[in-house]
Amino acid sequence: MKVQIPDPTPISGHTPKKYNVLVYGRSGTGKTEFCATWPKPLLFIDTDKGITTVVSSPRVQEKDQIFLVDVQDRSSDVVVKQPIGFATVETVLKSLATENSYSGVVPQTVVLDSFTTTSALTMSRTLYLHGHVGQQPTLPDYGRLVRDLLDIITTGIGLRCNFIATAHEQYTKDELSGRIWCGPLIVGRLAAEISLYFDEVYHANVRERGGKHEYMLDTKASGLITAKSRLDLPSPIIAHFDSIKGTIERLNSTRKEVSHDIDK
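Below, the structure is given as structure tokens:
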């Protein structure tokens, strides 16, 4: 088998054509609403049952361009006994990866809301397949869980459109050092690694100012918070795509200028 090795290219003309984002935080911090402000058509893969937030929010525009896949873990067919939640998520993502569409929808942005409940659905399927329903997961169970979740992540970030995953938060303490930090809530050891796979990792929170509540995103890591921004966004930012759009447009403008100079 012959492997094609890519030639080096100058970074001056490089700008991503899509973005992958992980946004996590406790319930009620505006994660789902933030996702709904991204470019449309937008497809929600909803395992959290939080889409009512989008329907009711006056801050979300073009709602007729937002589509929903409502993920259930139990089939409506009583004959089907095995969990179907993971299979639903996997089927949608695989269709998007191969066809760039799902059921006629060609999205600019795909949202998995949330990765926390998706990890629970994945464990549900794993226990069923291994005959361990109602039992504590074993090491092989966790091993399969991580492999299946990594497949979900790599498929999502490999799409030809923006991919956003939400997650709830958890606080973890290192028993040796006593250090405490906040990160995404996911079953298994993947919780400590998931941020490695995303370009942007934001921590969602609510700030009160003048009697009003504002949804905000931390984009920089601190001693407590896990976050990062390869776009080098300031921190915090308002939880809306408009807070990011200007940076992306400047990058695109720079790329066009470089291309124009090269053409000359």
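Numbered per the numbering used here, the sequence shown spans residues 26 to 289. Think of the CB as a built atom: it goes at the ideal place given N, C-alpha and C, for glycine as much as any other residue.
Residues bridged to residue i [DSSP beta-bridge criterion]
| i | result |
| --- | --- |
| P209 | E194 |
| E200 | DSSP output for E200 lists no bridge partner at all. |
| I262 | L242 |
| E233 | H238 |
| V226 | L47, K253 |
Assigned secondary structure, residue i (DSSP; H/G/I helix, E/B strand, else coil)
| i | result |
| --- | --- |
| N125 | coil |
| D286 | Confidence is the limiting factor: at D286 the pLDDT is only 47, short of 50, which leaves the residue's position unreliable and the question unanswerable from this model. |
| H238 | strand |
| V171 | helix |
| A216 | helix |
| L164 | helix |
| P35 | coil |
| L221 | helix |
| T40 | coil |
| I189 | strand |
| I182 | helix |
| I177 | helix |
| L67 | strand |
| K27 | coil |
| G271 | helix |
| S278 | helix |
Residue from the options with nearest C-alpha to residue i
| i | options | result |
| --- | --- | --- |
| T251 | L276, Q195, G271 | Q195 |
| D176 | A122, G129, P132 | A122 |
| R275 | T40, I30, M26 | T40 |
| Y49 | Y227, H238, V212, E200 | Y227 |
| G129 | R51, A216, L93 | L93 |
| L258 | V46, I269, H265 | I269 |
| T134 | D166, L184, V114, P165 | L184 |
| T197 | L174, I178, G248, I189 | G248 |
| E115 | G181, S37, S149, I219 | G181 |
| T57 | V158, F111, K42, D73 | D73 |
| F188 | G53, C60, D32 | C60 |
| A216 | Q90, F140, I76, W63 | F140 |
| Y44 | G55, G156, Q86, W63 | W63 |
| S82 | S278, H265, I273 | H265 |
| E225 | S144, T78, P35, I262 | I262 |
Unbroken alpha helix (DSSP H) run spanning residue i, endpoints
| i | result |
| --- | --- |
| A252 | Looking at the DSSP string, A252 is not in any alpha helix (DSSP H), and its letter there is neither H nor E. |
| F59 | 56-60 |
Limits of the unbroken beta strand (DSSP E) element including residue i
| i | result |
| --- | --- |
| L47 | 45-49 |
Runs of beta strand (DSSP E) lying entirely within the stretch 72-159, each at least 3 residues, in chain order: 91-95, 134-138
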